[in-house]
Structure formats: structure tokens, C-alpha cells
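Novice: Numbering-wise, UniProt numbering puts 8 at position 8 of the sequence shown, and it's gapless, one number per residue. Where a beta carbon is used, it is the ideal one built from N, C-alpha and C, also for glycine. Just so it is clear, the structure is predicted and the values come from calculations on it, not from any experiment.
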Amino acid sequence: MKTFIEIFGWYGTVAIVTAYALVSFSIIEPSNIWYQILNGTGALGIVAVSFHKKTYQPGILNLIWAVIAVVAILRIIF
Numbered sequence: 001m002k003t004f005i006e007i008f009g010w011y012g013t014v015a016i017v018t019a020y021a022l023v024s025f026s027i028i029e030p031s032n033i034w035y036q037i038l039n040g041t042g043a044l045g046i047v048a049v050s051f052h053k054k055t056y057q058p059g060i061l062n063l064i065w066a067v068i069a070v071v072a073i074l075r076i077i078f
């Protein structure tokens, strides 16, 4: 389980940086669902590893980040 959480945490870092780069270089728009999916799932990866390591500040920040991404995804879909 520890290895899975570590991998998920690293995925989170890569996903958020990738999303940021894609928008920063005008490859996708912030309203693109893939941007929001990368941000949301990436944030959840960081939440998992943060809570596992008991570093709650980045966990809470990324939990809020994930909620924002879910709301954005719902707005895109509906």
C-alpha cells in the first residue's frame, strides 16, 4: 500500500505540473476538461501522500484544489 501511495503522490506532482504547462504554453484552455481532470486527480494524489506522511497543510490545500476541479468538471459537463 505504501508503494501505491508514493506512486500516486508522484503522479499527482507530474499531473499538476503537466496541466500547468499545457495551459501556460496555450496547448489547452483552462476550460478544457482534461486540464481539470489532471488538476483534480493530481491534487488527490498529493492529498493521499500528504495525509499518509501526516503533512496536513499540502493535503488540505490539494483537497480544496480537487474540489474546485470537480466543480469545474461538473460545470463543463452540464
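Quick check on the DSSP output: what are the complete alpha helix (DSSP H) runs of length 4 or more inside the UniProt domain "CBU-0592-like" (6-77), in order along the chain?
Specialist: 33-52, 56-77
Novice: Among residues of its own chain, excluding the 5 on either side of LEU63, which ones have a beta-carbon nearer than 6 Å to its beta-carbon?
Specialist: VAL47
Novice: Output needed for THR41: all residues of its chain with C-beta closer than 7 Å, excluding positions within five of it in sequence on either side, in chain order.
Specialist: ALA15
Novice: Do you know offhand how far VAL17's Cα is from SER26's?
Specialist: 14 Å
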